[in-house]
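S.K.: My questions all concern the structure below.
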Amino acid sequence: MTTWKITKKKNLKFTKPVFIEGLPGLGNVGKIVADVLVEELKADKIMDVFSYTLPNSVFVNEENLVELPKIELYHKRINGKDFLFLTGDVQPSDEVSSYEFTEKMLDLIQQYKCTEIITLGGIGINEAPENPRVFCTGNEPKFVNEFGKYKVNTKLYGVVGPIIGVSGLLIGLGEKRKIKAASLLAETYGHPMYIGLKGAKEIIKVLNKKYDFNVPLKNLDREIKKFDEENGETSAKHRTLNQLKQYKEMSYIG
Numbered sequence: 001m002t003t004w005k006i007t008k009k010k011n012l013k014f015t016k017p018v019f020i021e022g023l024p025g026l027g028n029v030g031k032i033v034a035d036v037l038v039e040e041l042k043a044d045k046i047m048d049v050f051s052y053t054l055p056n057s058v059f060v061n062e063e064n065l066v067e068l069p070k071i072e073l074y075h076k077r078i079n080g081k082d083f084l085f086l087t088g089d090v091q092p093s094d095e096v097s098s099y100e101f102t103e104k105m106l107d108l109i110q111q112y113k114c115t116e117i118i119t120l121g122g123i124g125i126n127e128a129p130e131n132p133r134v135f136c137t138g139n140e141p142k143f144v145n146e147f148g149k150y151k152v153n154t155k156l157y158g159v160v161g162p163i164i165g166v167s168g169l170l171i172g173l174g175e176k177r178k179i180k181a182a183s184l185l186a187e188t189y190g191h192p193m194y195i196g197l198k199g200a201k202e203i204i205k206v207l208n209k210k211y212d213f214n215v216p217l218k219n220l221d222r223e224i225k226k227f228d229e230e231n232g233e234t235s236a237k238h239r240t241l242n243q244l245k246q247y248k249e250m251s252y253i254g
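Numbering-wise (our numbering), the sequence shown opens with residue 1 and increments by one.
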C-alpha cells in the first residue's frame with residue numbers, strides 16, 4: 001500500500017466546491033491550464049501531497065536550486081462559489097500508485113462535498129493545430145452535454161484512445177462514488193517535446209464561459225507568440241518522418 005503524505009491548512013471549509021485537475025500529460029495541456037488559473041485567479045495553496053512513489057528526480061528552479069517534485073491543491077472563491085485546483089510537477093509513476101492517489105483525492109473530494117470534477121488534458125494529433133478543438137467526455141451524459149453550448153465536441157468515440165492517468169481515473173472511479181465528472185481535452189501535437197499552449201488557451205476559454213472565471217488571456221497569448229517564433233514552421237519542417245509516423249494515430253495518453 002502506497003503512503004501518501006498530505007500536509008494541509010487547518011479548518012478548511014468550503015461550500016459545494018468544484019474540483020479541477022490539471023496534472024502533467026500530453027502537451028502539458030492540463031497543467032498549463034491549471035497553472036494559469038491558479039496564477040491569474042490568485043488562488044491560495046491549501047495542500048501539499050508527497051509520496052516515495054513519485055518519480056525519483058528533482059527539478060532545477062529559477063534560482064538554480066533543486067526542488068523535489070510536488071503535487072499541490074489550491075483554493076479560490078469566485079462569485080460566491082468555491083473552486084479547488086489540483087496541479088503539480090508530476091503524476092504518480094505507476095499504475096498502482098495512480099489508482100491509490102486518485103482514491104485519496106476522491107476521499108478529499110467527498111470530504112469537502114465537491115459537486116463535480118473537471119479533468120484537463122490533451123488529444124495527440126500528427127501536426128501542430130492552428131485552431132485546436134476541445135472535446136468533452138465524462139461519466140454522466142447530462143453533465144457532458146452541458147459543455148456542448150460552449151462549442152465543445154462531445155462525440156469522442158473512435159476519436160481518442162484510453163485516457164491514462166489521474167485525468168481518466170478521477171472520472172472512472174468517481175462514477176463508482178456517484179460523483180459527476182467530465183474531462184476537457186484539447187487537440188495538441190503528439191510529440192513529447194511539444195507544449196500545448198494553444199490547446200490550453202481553448203480550454204480556458206471554455207472554463208471562462210462555464211464558470212465565469214474571466215481569466216485574461218493576454219499573458220498566454222504572449223507565450224504562444226514567443227513559442228511560435230522559436231518553434232515555428234522552420235523547425236516543424238525538419239521533424240523526421242519517423243517522429244510523425246510515431247504519432248500518426250490520434251490518441252490521448254495522459
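We treat Cβ as the ideally placed atom computed from N, Cα and C, and that holds for glycine.
Since the model is a prediction, treat every value here as computed from it, not as a measurement.
Going by C-alpha to C-alpha distance, which of 154, 180, 95 and 157 sits closest to residue 116?
M.R.: For the residues 154, 180, 95 and 157, the minimum Cα distance to residue 116 belongs to 180.
S.K.: Would you call the region 213-227 and the region 32-49 touching, i.e. three or more CB-CB distances under 8 Å?
M.R.: Touching, yes.
S.K.: Rounding to the nearest angstrom, what Cα-Cα distance links residue 6 and residue 121 in this structure?
M.R.: Taking the straight line joining both Cα atoms gives about 24 Å.
S.K.: Determine the contact status of residue 132 and residue 196, defining contact as a CB-CB distance below 9 Å.
M.R.: Taking 9 Å as the Cβ cut-off, residue 132 and residue 196 qualify as a contacting pair.
S.K.: Quick one, which of 92, 86 and 227 has its alpha-carbon nearest residue 44's?
M.R.: Nearest of 92, 86 and 227 to residue 44, Cα basis: 86.
S.K.: For residue 233 and residue 174, what's the separation of their Cα atoms in angstroms?
M.R.: No answer about residue 233 holds up, because its pLDDT of 46 lies below 50 and its placement is not dependable.
S.K.: Give the DSSP-derived three-state secondary structure of residue 32 in the structure shown.
M.R.: It is helical.
S.K.: Could you round the C-beta distance between residue 124 and residue 26 to whole angstroms and report it? I think they count as a contact, below 8 Å.
M.R.: The pair is a contact, with the Cβ atoms about 5 Å apart (cut-off 8 Å).
S.K.: Whole alpha helix (DSSP H) runs in the region 169-226 with 4 or more residues, listed along the chain?
M.R.: Correct list: 197-211.
S.K.: Are there 16 or more other CB atoms within 10 angstroms of the CB of residue 139, so buried, or fewer, so exposed?
M.R.: Residue 139 comes out buried.
S.K.: Please return the same chain residues whose Cβ sits closer than 7 Å to the Cβ of residue 209, not counting the five positions on each side in sequence.
M.R.: 150.
S.K.: Is the beta carbon of residue 83 sitting closer than 9 Å to the one on residue 166?
M.R.: Cβ atoms of residue 83 and residue 166: not closer than 9 Å.
S.K.: Can you tell which of 160, 59, 192 and 113 has its C-alpha closest to the C-alpha of residue 15?
M.R.: Ranking the options by Cα distance to residue 15, first place goes to 113.
S.K.: Confirm, please, whether the CB-CB distance from residue 204 to residue 33 is below 9 Å.
M.R.: In contact: residue 33 and residue 204 (Cβ atoms closer than 9 Å).
S.K.: Would you mind reading off the limits of the beta strand (DSSP E) that contains residue 134?
M.R.: Residue 134 -> beta strand (DSSP E) spans 134-138.
S.K.: Could you tell me which residues DSSP puts in a beta bridge with residue 82?
M.R.: Looking at the DSSP assignment, residue 82 forms a beta bridge with 77.
S.K.: Does residue 64 come out as helix, strand or coil in the three-state DSSP assignment?
M.R.: Coil.
S.K.: Which stretch, first to last residue, makes up the beta strand (DSSP E) that contains residue 48?
M.R.: Per DSSP, residue 48 belongs to the beta strand (DSSP E) from 44-50.
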